[in-house]
Amino acid sequence: MSGQPFLLHPQLQTDTYIVGCFPLSLVLLCKDANYPWCILVPRRTGIREIHHLSSEDRQAFLAESCCLAECMEQLFTPTKMNVAALGNMVPQLHIHHIARFESDAAWPAPIWGKEVAKDYDSETLKARLQGLGALLANCGIQFELAAQIV
9 MSGQPFLLHP QLQTDTYIVG CFPLSLVLLC KDANYPWCIL VPRRTGIREI
59 HHLSSEDRQA FLAESCCLAE CMEQLFTPTK MNVAALGNMV PQLHIHHIAR
109 FESDAAWPAP IWGKEVAKDY DSETLKARLQ GLGALLANCG IQFELAAQIV
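Numbering of the sequence shown is given in my numbering, commencing with residue 9 and proceeding in unit increments.
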């Protein structure tokens, strides 16, 4: 880790809305309304892999990831929660949390490249951000909702 301040990778800034933050990580909502899809990003500079985190941060990251997955499962009742750290395009450590359904267009294959990203309409976006925020605020880990909810 360096002494530089944390900055969110520009691609993640472009592709997501900020839902809020846990003590360690930002919770982001992907701008693709085809899937309930969140990304968890630890606010640490220069980290590319989970094993690069300190032992304490690894434990916190796992707890935050489980909290996010549980909240998404409660809100969306998916067939399966896909949780994955890929980072081939964005080197900053981040974990995708995607609620998958047998009825989604990509099932059972990975979602990447299957459909053109679909924009959220303002009502659906607001409801999704508020629903996620409310559940995350009550998941047992401190959570601060983003100030700029649409």
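No residue lacks a Cβ here, since even glycine has one placed at the ideal position from N, Cα and C.
None of these values were measured; they are calculated from a predicted model.
In its chain, beyond the 5 residues on either side, Trp45, Cys46, Ile47, Leu48, Ser73, Leu76, Ala77, Met80, Met89, Asn90, Val91 have a beta carbon closer than 8 Å to the beta carbon of His105. The C-alpha of Gly121 lies about 16 Å from the C-alpha of Asp127. For Leu48, the uninterrupted beta strand (DSSP E) segment begins and ends at 45-50.
In the DSSP secondary-structure assignment, Tyr25 is bridged to Leu37.
Assigned with DSSP and collapsed to three states, His60 falls in helix.
In the DSSP annotation of this structure, the continuous segment of the beta strand (DSSP E) that includes Lys88 starts and ends at 88-92. Separation of Leu16 and Asp65 (C-alpha to C-alpha, rounded to the nearest whole angstrom) is 18 Å.
Separation of Ala145 and Met97 (C-alpha to C-alpha, rounded to the nearest whole angstrom) is 30 Å. In the DSSP annotation of this structure, the continuous segment of the beta strand (DSSP E) that includes Ala107 starts and ends at 103-108. Measuring C-alpha to C-alpha distances from Leu153 to each of Ala41, His102, Leu34, Ala114 identifies Leu34 as the nearest.
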